[in-house]
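Colleague:
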Ligand code: GLU
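In the numbering used here, the protein residues as written are 2 to 271.
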């Protein structure tokens, strides 16, 4: 089987050893290895980070195949996916502010990370009135209804075998944000399908996201790829590497005189 995989960084900062590990694993496994810039967050993403990421990958000798896909360059395609979900009656407008959501989540019995569902139950007249008055709104997936419409789903996780998807664990996720007419989950499933990705190779911190992405694939008629959720590299303090750990960016390591071979050697031993 030909393995098509992708490395999909968000250019909100420079790459660190954790990203390098993910990219290196992907490049090793894939026959075709694609790079995708997940740049829909136009406030946090910066063109200079996208350039820096390409420089780092090239310096490490992790050469990608074909063109780099920038998500902001094809926003209209996400809209088609959204329209399809809307036609299935699975989306609703959410007018809640972050503060309102946080307040509802702090109530007794509320789940702290899941949207409390306030706007799902909003009467149609109020919805219409708010929309006509120009109140900003996001579009959320009615996840329970969506789960009922497609029935049980599973995905193959290389480390765990077949896993039953439990999309409701993430609640009613946002599919179109107030500021951008799409969202992380929608773009990922759309682009993985568009790019013919057969194996999603990414950190195990995204295993939770897989549950909801599998649901979106079923709703949109996309194939579900194989998932390889790899371990996360930890820093000297035992915490996972993050973009804020500036000293460990590949750029900093390069400036300190470390060679690409040494970095790859470290990744091999990780
Ligand atoms: N853009 C995501 C990130 O940088 C990765 C998305 C994915 O691999 O599915 O965390």
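Backbone N, C-alpha and C fix where the C-beta goes; we use that ideal spot for every residue, glycine too.
With distances taken Cα to Cα, identify the nearest neighbour of residue 57 among 259, 262 and 251.
Modeller: Residue 251 is the option with its Cα nearest to residue 57.
Colleague: Rounded to whole angstroms, what's the CA-CA distance from residue 113 to residue 258? Just pull it up for me.
Modeller: The straight-line gap from Cα to Cα measures roughly 45 Å.
Colleague: Give me the DSSP bridge partner(s) of residue 204.
Modeller: DSSP, once it has assigned bridges, lists 231 as partnering residue 204.
Colleague: Helix, strand or coil for residue 165, going by three-state DSSP, please let me know.
Modeller: Correct three-state label for residue 165: strand.
Colleague: Following a CB-centred definition, is residue 198 positioned closer than 7 Å to any heavy atom of ligand 1?
Modeller: Result no, Cβ not under 7 Å from ligand 1.
Colleague: Going along the chain, which residues of its own chain have a beta-carbon closer than 8 Å to the beta-carbon of residue 196, five neighbours each way excluded?
Modeller: Excluding residues within five positions, the ones whose Cβ falls inside 8 Å are 5, 7, 35, 37 and 70.
Colleague: Is the closest heavy atom of ligand 1 to the C-beta of residue 203 under 7 Å?
Modeller: Within the cutoff, so yes.
Colleague: Looking at the structure shown, is residue 42 part of a helix, part of a strand, or coil, going by DSSP?
Modeller: The answer is coil: DSSP assigns residue 42 none of H, G, I, E or B.
Colleague: What are the boundary residues of the alpha helix (DSSP H) that residue 294 is part of?
Modeller: Nothing about residue 294 can be read from this structure; the chain reaches only from 2 to 271.
Colleague: Around the C-beta of residue 98, are 16 or more other C-beta atoms found within 10 angstroms, so that it is buried, or is it exposed?
Modeller: So residue 98 counts as exposed.
Colleague: CB-CB under 7 Å to residue 227, same chain, minus the five flanking residues each way: which ones, in chain order?
Modeller: Excluding positions up to five away in sequence, the list reads 157, 159, 199 and 200.
Colleague: Look at the alpha carbon of residue 161 and the alpha carbon of residue 229, and state the distance between them as a whole number of angstroms.
Modeller: Cα to Cα, the separation comes out at about 9 Å.
Colleague: Pick out whichever of 173, 102 and 133 has its Cα sitting closest to the Cα of residue 143.
Modeller: Out of 173, 102 and 133, 173 has the C-alpha closest to the C-alpha of residue 143.
Colleague: Taking 6 Å as the limit between beta carbons, can you name the residues of its chain near residue 181, skipping five residues before and five after?
Modeller: These residues qualify, in order along the chain: 41.
Colleague: Given 7 Å as the limit, tell me if residue 189 has its C-beta closer than that to any heavy atom belonging to ligand 1.
Modeller: The answer is yes for residue 189.
Colleague: Quick one: Cα of residue 177 to Cα of residue 212, how far?
Modeller: The alpha-carbon atoms of residue 177 and residue 212 are separated by roughly 19 Å.
Colleague: Do the CB positions of residue 264 and residue 23 come within less than 8 Å of each other?
Modeller: Against a cut-off of 8 Å, the Cβ pair of residue 23 and residue 264 comes out as no contact.
Colleague: Answer with buried or exposed for residue 214, where buried requires no fewer than 16 other C-beta atoms within 10 angstroms of its C-beta.
Modeller: With 16 or more other Cβ atoms within 10 Å, it is buried.
Colleague: Does the beta-carbon distance from residue 106 to residue 117 come in below 8 Å?
Modeller: Contact flag set, yes.
Colleague: Only counting the same chain, and skipping five residues up and downstream in sequence, which positions put a Cβ closer than 6 Å to that of residue 77?
Modeller: Same-chain partners within the cutoff: there are none.
Colleague: DSSP three-state call for residue 191: helix, strand or coil?
Modeller: Of the three classes helix, strand and coil, the one that applies to residue 191 here is helix, per DSSP.
Colleague: How is the alpha helix (DSSP H) around residue 85 delimited, first residue to last?
Modeller: From DSSP, the alpha helix (DSSP H) with residue 85 extends over 76 to 88.
Colleague: For residue 224, which residues from the same chain have a beta carbon less than 8 Å from its beta carbon, with the 5 sequence-adjacent residues on both sides left out?
Modeller: Excluding positions up to five away in sequence, the list reads 194 and 218.
Colleague: What does DSSP give as the partner residue(s) for residue 35 in the beta ladder?
Modeller: Bridge partners of residue 35: 7.
Colleague: Tell me which residues share the same chain as residue 154 and place their Cβ nearer than 6 Å to its Cβ, disregarding the 5 neighbours each side in the sequence.
Modeller: Hits under 6 Å: 166, 215 and 219.
Colleague: In whole angstroms, what is the alpha-carbon distance linking residue 115 and residue 171?
Modeller: Cα to Cα, the separation comes out at about 6 Å.
Colleague: Go to residue 155, then tell me how far its beta strand (DSSP E) extends in each direction, as first and last residue.
Modeller: 155 to 158 is the extent of the beta strand (DSSP E) around residue 155.
Colleague: Could you give the distance in angstroms between the alpha-carbon of residue 75 and the alpha-carbon of residue 209?
Modeller: Their Cα atoms are separated by approximately 26 Å.
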